[in-house]
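Q:
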Amino acid sequence: MAQHELKMDKDKPLSVALGGAFKDMVDFARSRAERAGAAPEAAVHDFRRSIRRAGAQLKLTKPFLSDKGAAWMREALKKAFARTGALRDHGVLIPTLDKLEGRLSVKGAAERIRELLQADKATAEGLRAPELLGANIRFLTGLGEAYQAALEGEVSDGALRQALRASYAKARAAFRRTKQTRDEDDLHTWRKAVKALRYQLELVTSRGEGGLEAAHESFIAQAKRLGEITDLMALRDFVKDAEQALEGLEPKRLVKDIEAVIRPRINAALEAAKQTYEARVKRFGRSDAKAAAQEATQATAKAPPSAPEGPSEA
Numbered sequence: 039m040a041q042h043e044l045k046m047d048k049d050k051p052l053s054v055a056l057g058g059a060f061k062d063m064v065d066f067a068r069s070r071a072e073r074a075g076a077a078p079e080a081a082v083h084d085f086r087r088s089i090r091r092a093g094a095q096l097k098l099t100k101p102f103l104s105d106k107g108a109a110w111m112r113e114a115l116k117k118a119f120a121r122t123g124a125l126r127d128h129g130v131l132i133p134t135l136d137k138l139e140g141r142l143s144v145k146g147a148a149e150r151i152r153e154l155l156q157a158d159k160a161t162a163e164g165l166r167a168p169e170l171l172g173a174n175i176r177f178l179t180g181l182g183e184a185y186q187a188a189l190e191g192e193v194s195d196g197a198l199r200q201a202l203r204a205s206y207a208k209a210r211a212a213f214r215r216t217k218q219t220r221d222e223d224d225l226h227t228w229r230k231a232v233k234a235l236r237y238q239l240e241l242v243t244s245r246g247e248g249g250l251e252a253a254h255e256s257f258i259a260q261a262k263r264l265g266e267i268t269d270l271m272a273l274r275d276f277v278k279d280a281e282q283a284l285e286g287l288e289p290k291r292l293v294k295d296i297e298a299v300i301r302p303r304i305n306a307a308l309e310a311a312k313q314t315y316e317a318r319v320k321r322f323g324r325s326d327a328k329a330a331a332q333e334a335t336q337a338t339a340k341a342p343p344s345a346p347e348g349p350s351e352a
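Counting from 39, one number per residue, gives the positions in the sequence shown under the numbering used here.
1. Can you name the start and end residues of the alpha helix (DSSP H) that S69 belongs to?
2. Which residue's Cα is closest to the Cα of S69: L135, G57, T179?
3. Using a Cβ-Cβ cutoff of less than 7 Å, which residues in the same chain neighbour E316 once the five nearest sequence positions on both sides are dropped?
4. Throw me the rounded Cβ distance for the A94 and Q238 pair, which I believe falls under 8 Å.
5. Who pairs with L103 in a beta bridge, going by DSSP?
6. Which of helix, strand or coil does DSSP assign to A259?
7. Helix, strand or coil for H83, going by three-state DSSP, please let me know.
8. Name the two residues that bound the continuous alpha helix (DSSP H) containing R121.
9. Residues in its own chain within less than 6 Å of G123 by CB, not counting five upstream and five downstream?
10. From L170 to S205, what does the alpha carbon distance come to, in whole angstroms?
11. From I151 to F276, what distance separates their C-alpha atoms?
12. What is the rounded straight-line gap between the Cα of T216 and the Cα of L270?
13. Below 8 Å on the Cβ atoms is my guess for V64 versus G129; work out the distance and round it to an integer in Å.
14. Cα separation between G172 and V319?
15. CA-CA distance, L292 and E43?
16. Starting from the N-terminal side, write out each stretch of the alpha helix (DSSP H) that is 4 residues or longer and does not extend beyond the region 284–329.
17. Does the Cβ-Cβ distance between V242 and L202 come in under 8 Å?
18. Please state the DSSP three-state secondary structure of A280.
What follows is the structure, given as structure tokens:
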């Protein structure tokens with residue numbers, strides 16, 4: 039099912055279009071939470087994605103918002119998002135386990151883990167999701183209107199591109215740090231930066247801005263790869279926590295089996311993303327035509343004057 043995306047109205051001034059996109063996303067989150075009882079798993083995913091998208095827009099446009107307004111909205115989104123992580127995990131851990139078929143070295147382990155996950159999932163979906171999301175939506179009240187009110191003056195396309203470059207710089211630094219350390223905390227930081235930039239590019243490209251399509255596709259792919267890795271980490275942690283329930287099935291060995299899948303996935307994600315981060319920060323967010331023209335101008339300015347041409351040799 040297609041996700042509900044950040045989208046600006048091309049026919050409105052940029053500041054008005056930003057306000058409309060933010061309000062639309064918050065309203066969608068509210069509507070999914072209010073109907074969580076009908077399809078809890080889908081509602082949790084849609085609610086969390088919507089809050090993340092709104093949060094990504096808030097980060098991108100922070101330079102154009104009043105400090106007080108930005109701080110209040112950031113806290114409201116944080117409260118709305120709180121405690122939804124466990125609900126989300128229940129929806130992805132069984133498919134993640136299915137993808138590990140043949141990689142767990144203890145006979146009967148996959149079936150037992152699936153039983154434990156299904157029991158937890160039934161509890162979460164039947165009872166916790168509608169109740170928790172229903173309680174959390176109160177933090178979204180008035181948020182859309184507050185965003186528009188917090189915007190200080192007109193926002194220019196150039197200023198928005200500059201904000202995108204700042205987000206790219208954060209993602210690039212997080213990528214380099216993860217590449218150096220292979221540390222899981224650093225990877226989580228990288229993933230958060232990638233997801234934020236992916237949604238920010240979604241927002242900006244919705245207005246028809248050129249030169250960003252390839253970057254947007256790249257960050258969508260990065261987010262998917264990193265999401266699959268963190269799903270594996272969540273499954274590994276579930277197995278660690280279920281050590282008693284997995285007695286007799288060598289849970290420590292199962293953890294090592296999953297970690298043996300995680301490590302090469304991290305290396306592959308880093309390698310696949312490498313080319314994206316070769317772009318210099320000041321070039322990111324500019325159309326290819328503009329960037330090429332500027333670089334050609336700079337190269338011409340730096341080149342030594344050419345010597346007069348002599349007669350050509352026959």
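From the three backbone atoms N, C-alpha and C, an ideal C-beta is built for every residue, glycine too.
A: If we stick to the structure as given:
1. 52–72
2. T179
3. none
4. 5 Å
5. L189
6. Three-state DSSP puts A259 in a helix.
7. helix
8. That residue, R121, is in no alpha helix (DSSP H); it is neither H nor E in DSSP.
9. none
10. 31 Å
11. 9 Å
12. 17 Å
13. The C-beta distance from V64 to G129 rounds to 22 Å, too long to fall under 8 Å, and the pair is not in contact.
14. Whole-angstrom Cα-Cα distance: 41 Å.
15. 38 Å
16. 289–311
17. yes
18. coil
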